[in-house]
Amino acid sequence: MDMPRGRSFAWLVTHRPLVVGVAVLLPLAACAVLSVFRDSVPNTSSALGLVLLIVAAASTGIRSAGLLAALSSAVWFDFFLTEPYNRFAITDQADIETAALLMLVGAAVSEIALWGRRQQARASLEQGYLDGVLRTAAAVSAGQSSTESLIEHVCGQIVELLQIDRCRFDPGDGPVLATIEADGTVKYNAHPLNVRRLGLPTDTEIELVVQSHGAIHGRFLLTAATSVVRPSQQQLRVAVTLANQVGVALATNTDDGNEGQPSTSS
Numbered sequence: 057m058d059m060p061r062g063r064s065f066a067w068l069v070t071h072r073p074l075v076v077g078v079a080v081l082l083p084l085a086a087c088a089v090l091s092v093f094r095d096s097v098p099n100t101s102s103a104l105g106l107v108l109l110i111v112a113a114a115s116t117g118i119r120s121a122g123l124l125a126a127l128s129s130a131v132w133f134d135f136f137l138t139e140p141y142n143r144f145a146i147t148d149q150a151d152i153e154t155a156a157l158l159m160l161v162g163a164a165v166s167e168i169a170l171w172g173r174r175q176q177a178r179a180s181l182e183q184g185y186l187d188g189v190l191r192t193a194a195a196v197s198a199g200q201s202s203t204e205s206l207i208e209h210v211c212g213q214i215v216e217l218l219q220i221d222r223c224r225f226d227p228g229d230g231p232v233l234a235t236i237e238a239d240g241t242v243k244y245n246a247h248p249l250n251v252r253r254l255g256l257p258t259d260t261e262i263e264l265v266v267q268s269h270g271a272i273h274g275r276f277l278l279t280a281a282t283s284v285v286r287p288s289q290q291q292l293r294v295a296v297t298l299a300n301q302v303g304v305a306l307a308t309n310t311d312d313g314n315e316g317q318p319s320t321s322s
């Protein structure tokens with residue numbers, strides 16, 4: 057059975073020294089073997105084979121593996137496959153250009169592979185956000201859980217999403233210094249706060265209003281006191297969406313004549 061992509065990448069990162077070592081040694085072994093056939097195999101063909109090794113090293117998503125594979129390929133291509141042989145010197149202009157291209161290809165492919173890894177991680181994260189919202193929305197629409205358990209569930213999701221310390225539901229509307237706005241921005245003492253640079257406030261609870269169709273049904277009070285966390289605006293907007301799902305449930309309960317709003321924390 058194939059190893060899932062996430063687990064395979066985690067294995068590569070965990071075994072980084074081994075991966076980097078293999079990336080460095082494979083070009084050496086390949087050039088040593090190719091040197092036996094250098095009279096019959098043109099250097100352009102040998103260089104293409106080395107490019108495949110560089111691409112394989114770069115595809116691990118470890119920048120140092122791709123770059124060192126390229127450097128190793130250029131060095132051993134020079135030593136084994138260019139005149140004067142078995143010396144670190146190149147006299148032919150075409151061979152100099154080939155060695156330089158090996159380095160450039162290694163750098164380019166490594167950066168492309170890293171970009172792909174980042175895009176994959178971002179897509180996976182966004183899918184996780186969407187799945188969380190959809191599960192909560194499904195629970196609200198189907199009435200599968202009580203209001204208390206829904207609030208507890210959403211509190212847990214917000215804590216995990218924003219990597220904060222605590223979340224609690226408060227039916228009141230007392231003054232707070234920090235608030236998360238509907239568009240995912242944060243205000244501190246009524247002034248916009250650059251969360252990506254400064255992080256969420258650690259000296260006060262942060263208000264996340266619970267509302268439905270413009271009507272406020274309480275709020276979540278978030279605590280991020282033990283460490284500075286810097287969630288993206290997208291993460292904060294997901295938190296707003298989750299809170300508003302609770303607002304829908306509370307609005308439904310109010311319409312049904314149940315106006316009690318429980319207090320819970322996570």
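If you use our numbering, the sequence shown corresponds to residues 57 to 322, in order. Don't be surprised by glycine CBs; every beta carbon is placed ideally from N, CA and C.
Could you pull out every residue in the same chain whose Cβ sits closer than 7 Å to the Cβ of Tyr244, ignoring the five residues on either side in sequence? Numbered from its first residue, the sequence shown carries residue 244 at position 188. Once the five neighbours on either side are set aside, the close Cβ partners of Tyr244 are Leu233, Ala234, Pro257.
What is the DSSP secondary structure of Gln267, reduced to helix, strand or coil? Residue numbering aside, residue 267 sits at position 211 when the sequence shown is read from its first letter. In this structure, Gln267 counts as strand in the three-state DSSP scheme.
Let me know the secondary structure DSSP gives Phe133 once reduced to three states. Within the sequence shown, the letter at position 77 stands for residue 133. Note: Phe133 maps to helix in three-state DSSP.
What three-state label does DSSP hand Arg94 in the structure shown? Here residue 94 is taken as the residue at index 38 of the sequence shown, counted from 1. Reduced to three states, the DSSP call for Arg94 is coil.
Option in Asp134, Glu153, Asp151, Ile118 with minimal Cα separation from Gly172: Taking the first residue of the sequence shown as 1, we reach residue 172 at position 116. Looking at the Cα atoms, Ile118 is the closest of the given residues.
Between Glu237 and Arg174, what straight-line distance do the alpha-carbon atoms span, to the nearest angstrom? For the purposes of this step, residue 237 is taken as the residue at position 181 of the sequence shown. For the purposes of this step, residue 174 is taken as the residue at position 118 of the sequence shown. Cα-Cα distance, rounded: 28 Å.
Alpha-carbon spacing of His209 relative to Cys223, whole angstroms: The count along the sequence shown starts at 1 and reaches residue 209 at position 153. The count along the sequence shown starts at 1 and reaches residue 223 at position 167. One C-alpha to the other measures close to 11 Å.
Residues in its own chain within less than 8 Å of Phe136 by CB, not counting five upstream and five downstream? Along the sequence shown, one-based indexing puts residue 136 at 80. So the qualifying residues of the chain are Cys87, Ala88, Leu90, Ser91, Arg94, Asn142.
Do you know whose CA, among Asp259, Pro227, Thr279, Gln291, lies nearest Ala271's CA? In the sequence shown, the residue the question calls residue 271 occupies position 215. The shortest C-alpha separation from Ala271 is found at Pro227.
I need the boundaries of the beta strand (DSSP E) containing Ile236, first residue and last residue. Here residue 236 refers to the residue found at position 180 of the sequence shown. Element bounds for Ile236: 234–236.
Alpha-carbon spacing of Val161 relative to Val76, whole angstroms: For the purposes of this step, residue 161 is taken as residue 105 along the sequence shown, with counting starting at 1. For the purposes of this step, residue 76 is taken as residue 20 along the sequence shown, with counting starting at 1. One C-alpha to the other measures close to 17 Å.
Option nearest His269 by Cα separation, candidates Ala299, Met159, Thr147: Against the sequence shown, residue 269 aligns to sequence position 213. Selected option, being the one with the closest Cα: Ala299.
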